[in-house]
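*Asks:* As given, the protein sequences belong to chains A and B, one line each in that order.
Residue numbers for the first sequence follow this note's numbering, beginning at 1 and rising by one.
Residue numbers for the second sequence follow this note's numbering, beginning at 1001 and rising by one.
Each residue gets a CB set at the ideal place from its N, CA and C atoms; glycine is no exception.
2 protein chains.
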Amino acid sequence: MSRRPAPDATVAKAITLDRASPVPLYYQVAQQLEHSIEAGDLTPGMRLVNEIELADLLGLSRPTMRKAMEYLVDKGLVVRQRGVGTRVVSPKVRRSLELTSLFDDLAEAGLKPSTEVLSFATIPATPEVAGILMVPADSPVISVVRLRRALGQPIARLTNYLPTDRFVITEVGLACEGLYQLLRRAGVQLHSATQTIGGRLATPDEARLLGEPRSSAVLTMQRTAYDDHGIVVEYGDHIYAAARYSFQMSLLSL
Amino acid sequence: MSRRPAPDATVAKAITLDRASPVPLYYQVAQQLEHSIEAGDLTPGMRLVNEIELADLLGLSRPTMRKAMEYLVDKGLVVRQRGVGTRVVSPKVRRSLELTSLFDDLAEAGLKPSTEVLSFATIPATPEVAGILMVPADSPVISVVRLRRALGQPIARLTNYLPTDRFVITEVGLACEGLYQLLRRAGVQLHSATQTIGGRLATPDEARLLGEPRSSAVLTMQRTAYDDHGIVVEYGDHIYAAARYSFQMSLLSL
DNA sequence: CAGTGGTCTAGACCACACC
DNA sequence: GTGTGGTCTAGACCACTGT
């Protein structure tokens, strides 16, 4: 007889390990636990088996099991408390966390977005752009303006500036793929980005382009992306029709 | 003679360890490395001593040293590549990453913000608020409306709803402390939040309150915060004068 | 008190990048 | 090859929680 309530989940399904696989053991475990949680096999508030026993059951060492658990904690799927145990967070929280990934990408929403390249040119950098991209003033930079639509309606005008000497970007590539996919394919190791989200009244031109009334609000977003070497890879200056677009994101460990 | 270029940094300063301290060793190391990086003792692109040698120098085991390194990677301060080494990212990137923490908080910008509580009441939950807070309709909830100023000028109207049965919030507390500080002090374990940032034209009332022209744009932000148990702790519905406020944030590992 | 997660050690083998 | 980080093991002790 255990004096303390047994964990609510003996083990999620049965976790299978492939020691021949190149994918790390801790990751195999983490993924399968994650799927069990997403699938609802592990219900909210459930206490998981403690990590030592779990490691034992799976024939793993404790540090490996711990690393799997840490992965779940970092993803916000479980909460751990010393002396208490590991609990699954509520599905409501989990669903909200999934939003994080899309950010300014509505592809997932089933809105079948399309992107039209309005202009694509190599131009001399303005002082402002040169400063941000960290290139000499008037040196050539790629300038791309795209119009993004969802369900046929325009929702955003995306203006991007990229240095010319780091990789090759083609107009046709941009038409069918996202800019970031394209950069990754070109061998760029994206590291981080900073962005500023603001708002203002639309100019007449902008209102016309976005199909909005003359007096309407737009969201603005400026983003600078860096690669692993700290080099600026891309600068974007975008506007969104505020009436039909908003930014969603989630924050962890407040 | 080493055939390969020696790391550029022998060791940052000298790292001191206090094994009697309750603060974990890996954290002591990580913090001191972080400070050395911030201080510029470790310049961008510098290669750090490899983790094994570093562990040896400090009298630590390799896993402990690794954990310190992982902390720096998670913070975006260094980049590691198998077979290559650990490099410090450029200060430009680092500075941009520091912005993350403040988010909607301008206290740091030296704008000496002030907050005025416009109303503070316990009211029956509207259907919408009840749904978000996950409480029965018409059950009592705390409603707070605050006006936030920077340099005397109003920049935001913050409207918050909180359940009444979880903790005690007082009007005086809100006047001098932030809401989240107050919640933490009340023993709430904040876990995560989701937020939506949008924009629209200001209503006449809003324009007047924010000291903006009749036709002006506001940023809107709705945020729902959850605690460790998945319970909704707070729902906020805010507006910001777009002319004088914007949201800054940074993204890691794109 | 027993059970939990948090930290730490001292080894080992492997995959990968560069020379 | 040689050196790097990435993974894994099998132990150990401690701090905290709830009974």
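With 16 as the cutoff for other CB atoms within 10 Å, does A/Asp74 come out buried or exposed?
*Replies:* If you number the first sequence from 1, residue 74 of chain A lands on position 74. A/Asp74 should be labelled exposed.
*Asks:* Taking only heavy atoms of the ligand MG into account, decide whether any of them is closer than 6 Å to the Cβ of A/Arg149.
*Replies:* With respect to the ligand MG, the structure shown offers nothing to examine, as it has no ligands at all.
*Asks:* For B/Gln1222, which residues does DSSP report across the bridge?
*Replies:* Start at 1 with the first residue of the second sequence, and residue 1222 of chain B comes out as number 222. DSSP lists B/Thr1196 and B/Asp1237 as partners of B/Gln1222.
*Asks:* Apart from the five residues just before and just after A/Thr126, which ones in its own chain have a Cβ nearer than 6 Å to its Cβ?
*Replies:* Taking the first sequence and counting its residues from 1, the one referred to as residue 126 of chain A is at position 126. Cβ neighbours of A/Thr126 beyond the five flanking positions: none.
*Asks:* How would you call A/Met134, buried or exposed, if buried means at least 16 neighbouring beta carbons within 10 angstroms?
*Replies:* In the first sequence, counting from the first residue as 1, residue 134 of chain A sits at position 134. When all chains shown are included, A/Met134 counts as exposed.
*Asks:* Where DSSP assigns a beta bridge to A/Leu158, which residues make up the other side?
*Replies:* For the purposes of this step, residue 158 of chain A is taken as the residue at position 158 of the first sequence. BP columns for A/Leu158 point to A/Arg146 and A/His238.
*Asks:* What does B/Tyr1226 reach in chain A if we use C-beta pairs closer than 7 Å?
*Replies:* Residue 1226 of chain B sits at position 226 when you count from the first residue of the second sequence. Here the neighbours are Val93.
*Asks:* When the cut-off is 7 Å and only beta carbons count, does A/Ser96 lie next to chain B?
*Replies:* If you number the first sequence from 1, residue 96 of chain A lands on position 96. So yes, A/Ser96 belongs to the interface.
*Asks:* Could you tell me which of B/Arg1200, B/Gly1198 and B/Thr1170 sits nearest to B/Ala1186, measuring between CA atoms?
*Replies:* As a position in the second sequence, residue 1186 of chain B is number 186, starting the count at 1. The option with the nearest alpha carbon to B/Ala1186 is B/Thr1170.
*Asks:* Using a Cβ-Cβ cut-off of less than 9 Å, list which residues of the stretch 1149-1180 of chain B approach chain A; keep chain order.
*Replies:* Tyr1180
*Asks:* Would you kindly report the start and end of the unbroken beta strand (DSSP E) that includes B/Ile1123?
*Replies:* Taking the first residue of the second sequence as position 1, residue 1123 of chain B is located at position 123. Note, B/Ile1123: beta strand (DSSP E), Pro1113 to Pro1124.
*Asks:* Tell me which residues of the stretch 176-207 of chain A have at least one Cβ-Cβ distance to chain B shorter than 7 Å, keeping chain order.
*Replies:* Against chain B - using a Cβ distance shorter than 7 Å - the residues of the stretch 176-207 of chain A are Tyr180, Leu190, His191, Ser192, Ala193, Thr194, Gln195, Thr196, Ile197, Gly198, Gly199, Arg200 and Leu201.
*Asks:* Looking at the strands, I want to know which residues DSSP matches up with B/Arg1047.
*Replies:* Taking the first residue of the second sequence as 1, we reach residue 1047 of chain B at position 47. DSSP output for B/Arg1047 lists B/Arg1087 as bridge partner(s).
*Asks:* Under 7 Å between C-beta atoms, does B/Val1233 make it to chain A?
*Replies:* Here the question's residue 1233 of chain B lines up with position 233 in the second sequence. Not an interface residue.
*Asks:* Look up B/Leu1201 in the DSSP assignment and give the residues it is bridged to.
*Replies:* Within the second sequence, the letter at position 201 stands for residue 1201 of chain B. According to DSSP, which records beta bridges pairwise, B/Leu1201 is partnered with B/Ala1217.
*Asks:* With 9 Å as the limit, tell me which residues of the stretch 1028-1046 of chain B have their beta carbon closer than that to any beta carbon of chain A; keep them in chain order.
*Replies:* Within the stretch 1028-1046 of chain B, the qualifying residues are Pro1044 and Gly1045.
*Asks:* In three-state DSSP terms, what is A/Asp41?
*Replies:* Counting from one through the first sequence, the residue named residue 41 of chain A turns up at place 41. Of the three classes helix, strand and coil, the one that applies to A/Asp41 here is coil, per DSSP.
*Asks:* Between the Cα of B/Ala1217 and the Cα atoms of A/Ala202, A/Ala225, A/Arg94 and A/Thr196, which residue gives the shortest distance?
*Replies:* Position 217 of the second sequence, counting from 1, holds the residue named residue 1217 of chain B. Nearest option by C-alpha distance: A/Ala202.
*Asks:* Do B/Met1065 and B/Glu1051 come within 7 Å of each other at the CB atom, strictly closer than that value?
*Replies:* Sequence index remark: in the second sequence, residue 1051 of chain B carries index 51 (1-based). Sequence index remark: in the second sequence, residue 1065 of chain B carries index 65 (1-based). With respect to B/Met1065, B/Glu1051 sits close: the two C-beta atoms are nearer than 7 Å.
*Asks:* Mind checking if B/Gln1222 is an interface residue toward chain A, Cβ cutoff 7 Å exclusive?
*Replies:* Here residue 1222 of chain B refers to the residue found at position 222 when the second sequence is read from its first residue. B/Gln1222 does not count as touching chain A.
*Asks:* Kindly say whether A/Ala217, judged by its beta-carbon, lies nearer than 7 Å to any beta-carbon of chain B.
*Replies:* For the purposes of this step, residue 217 of chain A is taken as residue 217 along the first sequence, with counting starting at 1. A/Ala217 counts as touching chain B.
*Asks:* Just to confirm before moving on: does the CB-CB distance between B/Gly1236 and B/Asn1160 stay below 7 Å?
*Replies:* Translated into the one-based positions of the second sequence, residue 1236 of chain B becomes position 236. Translated into the one-based positions of the second sequence, residue 1160 of chain B becomes position 160. In contact: B/Gly1236 and B/Asn1160 (Cβ atoms closer than 7 Å).
*Asks:* Would you mind working out which of B/Ala1014, B/Val1141 and B/Arg1148 sits nearest B/Gln1031, comparing C-alpha positions?
*Replies:* Walking along the second sequence from the start, residue 1031 of chain B turns up at place 31. It is B/Ala1014 whose Cα lies nearest to the Cα of B/Gln1031.
*Asks:* Identify the contact partners of B/Gly1076 in chain A, using a Cβ-Cβ distance below 9 Å as the criterion.
*Replies:* Residue numbering aside, residue 1076 of chain B sits at position 76 when the second sequence is read from its first letter. Within 9 Å Cβ-Cβ: His191 and Ser192.
*Asks:* Hey, out of B/Pro1124, B/Ser1021 and B/Leu1147, whose CA is closest to B/Leu1000's CA?
*Replies:* The first residue shown for chain B is 1001 and the last is 1254, placing residue 1000 of chain B beyond what the model contains.
*Asks:* Which whole-angstrom value is the C-beta distance of B/Gly1198 and A/Ala241, which I expect to be below 8 Å?
*Replies:* Counted from its first residue, the second sequence places residue 1198 of chain B at position 198. Counted from its first residue, the first sequence places residue 241 of chain A at position 241. Approximately 11 Å separates the beta-carbon atoms of B/Gly1198 and A/Ala241; this is outside 8 Å, ruling out the contact.
*Asks:* Does the beta-carbon of A/Gln195 have 16 or more other beta-carbons within 10 angstroms, so that it is buried, or is it exposed?
*Replies:* By one-based count along the first sequence, residue 195 of chain A stands at place 195. Per the 10 Å Cβ criterion, buried.
*Asks:* So with CB distances below 7 Å, who are the chain B contacts of A/Gly230?
*Replies:* The sequence position of residue 230 of chain A within the first sequence is 230, counting from 1. In chain order: Pro1044, Val1089, Ser1090, Lys1092 and Val1093.
*Asks:* Provide the residue(s) that pair with A/Met249 in DSSP beta bridges, ordered along the chain.
*Replies:* Mapped onto the first sequence, residue 249 of chain A falls at position 249. A/Met249 is bridged to B/Gln1195.
*Asks:* So, with DSSP's three-state summary, where would you put A/Pro270?
*Replies:* Shown here, chain A extends from 1 to 254; a query on residue 270 of chain A therefore has no answer.
*Asks:* Tell me whether the beta-carbon of B/Leu1252 lies closer than 7 Å to the beta-carbon of B/Gly1076.
*Replies:* In the second sequence, counting from the first residue as 1, residue 1252 of chain B sits at position 252. In the second sequence, counting from the first residue as 1, residue 1076 of chain B sits at position 76. For B/Leu1252 and B/Gly1076, yes; Cβs fall inside 7 Å.
*Asks:* Suppose you measure from the CA of B/Leu1158 to the CA of B/Asp1227; what does that come to, to the nearest Å?
*Replies:* Taking the second sequence and counting its residues from 1, the one referred to as residue 1158 of chain B is at position 158. Taking the second sequence and counting its residues from 1, the one referred to as residue 1227 of chain B is at position 227. Each residue's alpha carbon lies about 21 Å from the other.
*Asks:* For A/Gly85, count neighbouring C-beta atoms within 10 Å of its own C-beta (all shown protein chains included) and say buried if the count is 16 or more, exposed if not.
*Replies:* Translated into the one-based positions of the first sequence, residue 85 of chain A becomes position 85. Counting Cβ neighbours within 10 Å, A/Gly85 comes out buried, since at least 16 surround it.
*Asks:* Apply the 10 Å Cβ neighbour rule to A/Gln153 and answer buried if 16 or more other Cβ atoms are within range, or exposed otherwise.
*Replies:* The sequence position of residue 153 of chain A within the first sequence is 153, counting from 1. A/Gln153 should be labelled exposed.
*Asks:* Whose CA, out of B/Phe1120, B/Tyr1071, B/Glu1177 and B/Ser1192, lies closest to the CA of B/Leu1162?
*Replies:* Reading the second sequence from its first residue, position 162 is the one you call residue 1162 of chain B. Taking only the C-alpha atoms, the option nearest B/Leu1162 is B/Phe1120.
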